[in-house]
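Below: the structure, in structure tokens.
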Amino acid sequence: MAAPMLEVRGADVFYGASQILFGLDLSVERGQTMALLGRNGAGKSTTFKAIAGLAPPRRGEIRLAGVPVSGKAPYRIARAGIGYVPEDRQIFPEHTVEDNLIVGAKRGPRGEAHWTLTRIYEVFPLLAGMRTRMAGRLSGGEQQMLTIARALMGNPDILLLDEPSEGLAPIIVQAIGGLIRTMRGMGVTILLAEQNMHFCLDVATHATVVDKGQVVYCAPMAELRSNAAITQRFLAV
Ligand SMILES: Nc1ncnc2c1ncn2[C@@H]1O[C@H](COP(=O)(O)OP(=O)(O)O)[C@@H](O)[C@H]1O
Ligand SMILES: [Mg+2]
1 MAAPMLEVRG ADVFYGASQI LFGLDLSVER GQTMALLGRN GAGKSTTFKA
51 IAGLAPPRRG EIRLAGVPVS GKAPYRIARA GIGYVPEDRQ IFPEHTVEDN
101 LIVGAKRGPR GEAHWTLTRI YEVFPLLAGM RTRMAGRLSG GEQQMLTIAR
151 ALMGNPDILL LDEPSEGLAP IIVQAIGGLI RTMRGMGVTI LLAEQNMHFC
201 LDVATHATVV DKGQVVYCAP MAELRSNAAI TQRFLAV
């Protein structure tokens, strides 16, 4: 059997002296959209930072398609095929939408150049109409789409999205959900951190629930949906 696209095994992560993740295990298979669910402060963003190399685990291992990446510098992890969209979108406000996209352009780990500007504008028609606009003038939802598109420009093997629905109006949240489903339909492997389980119900195929830095549940999304004990105990619904 092929190795999972992404595997986190027994990760202990600290900020200074305080331990945040305790032996965290997580696995994402090729083509899955895995929701990483948990309350505020559960450790979702820290898990992403660990994977991206910004908060390297003190113990444990992270593998991308079977190849260890833990301990590598963040830029090497990005080149190895992990596309990371952080919570605080980090666009370049004084540059155009198109320049923000171009900044993210690189070939994939095996030379793939699947995601070009043309293709991005097909999948994100909204951005096509704004290509010359300064990114700082976009709405929050448009900026979120821009950061997702910019990460795709790097032709990643897996895309990490940290709370893409946070702080956005319901109609924009729906649009972001639609986009994630489109990407899934195109075969993109996605790990999606969310507090909002309802957003994930129609978007994710699988769910991993974290609480206090540990995984407490992992199942197909449909099973989590019907598990009131878990949703009530670990998720704010
Ligand atoms: N830079 C930091 N230094 C110390 N503690 C932090 C830092 N960032 C987050 N934490 C703590 O780590 C825990 C997990 O945070 P985080 O991973 O951001 O959770 P989530 O993304 O699930 O809301 C929280 O208790 C938070 O206060
Ligand atoms: Mg977070």
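For the sequence shown, UniProt numbering gives the first residue as 1, with consecutive numbering after it. Here a beta-carbon is modelled for each residue, glycine too, at the ideal position from N, C-alpha and C. Small disclaimer: the values here were computed from a predicted structure and weren't measured.
With respect to the beta strand (DSSP E) encompassing residue i, which residues constitute its N-terminal and C-terminal limits?
i	result
residue 194	189–194
residue 9	6–15
residue 27	18–28
residue 34	33–37
residue 116	Where residue 116 is concerned, there is no enclosing beta strand (DSSP E), given that its DSSP letter is neither H nor E.
residue 239	The question about residue 239 has no answer, for the chain in this structure spans 1 to 237.
residue 204	From DSSP, residue 204 is part of no beta strand (DSSP E); its letter is neither H nor E.
residue 58	First-last for residue 58: undefined, no H or E at that position.
residue 158	158–162
Can you list, in chain order, the residues of its chain with a C-beta nearer than 7 Å to that of residue i? Leave out the 5 residues immediately preceding and following it.
i	result
residue 41	none
residue 199	165, 173, 177
residue 112	155
residue 77	52, 53, 69
residue 146	91, 97, 100, 127, 135, 138
residue 140	167, 168
residue 196	165
residue 31	187, 189
residue 107	113, 155
residue 239	As shown, the chain starts at 1 and ends at 237. That puts residue 239 outside it, with no answer to give.
Does residue i pass the burial test, meaning 16 or more other C-beta atoms within 10 Å, or should it be called exposed?
i	result
residue 114	exposed
residue 153	buried
residue 122	exposed
residue 67	exposed
residue 2	exposed
residue 18	exposed
residue 217	buried
Taking the continuous alpha helix (DSSP H) assigned at residue i, which residues delimit it?
i	result
residue 131	Neither: residue 131 is in no alpha helix (DSSP H) and is coded neither H nor E.
residue 101	97–103
residue 143	140–152
residue 79	74–80
residue 170	170–185
residue 3	Careful: residue 3 lies outside any alpha helix (DSSP H) and carries neither H nor E.
residue 230	228–234
residue 45	44–52
Within its chain, find whatever has a CB closer than 8 Å to the CB of residue i; leave out the 5 residues flanking it on each side and keep chain order.
i	result
residue 98	117, 131, 132
residue 95	103, 134, 135
residue 72	53, 80
residue 235	37, 38, 39, 195, 197, 209
residue 215	24, 25, 26, 208, 209
Considering only residues of the same chain and omitting the five flanking positions on each side of residue i, which have a CB-CB separation below 6 Å?
i	result
residue 23	10
residue 190	33, 159
residue 224	207
residue 213	20, 21, 22, 43
Please determine whether the Cβ atom of residue i lies at a distance below 7 Å from any heavy atom of ligand 4.
i	result
residue 236	Ligands present in the displayed structure are limited to ligand 1 and ligand 2, and ligand 4 is not among them.
Assess contact between the stretch 43–54 and the stretch 97–114, defined as three or more Cβ pairs (one per stretch) separated by less than 8 Å. Is contact present? Taking 8 Å as the limit for Cβ pairs, the verdict is that the stretch 97–114 does not touch the stretch 43–54.
Please determine if the stretch 55–63 and the stretch 224–232 are in contact, where contact requires at least 3 C-beta pairs separated by less than 8 Å. The stretch 55–63 is not in contact with the stretch 224–232.
Ligand 2 site residues, beta-carbon cut 5 Å against heavy atoms: Listed by chain position, these are 44, 45.
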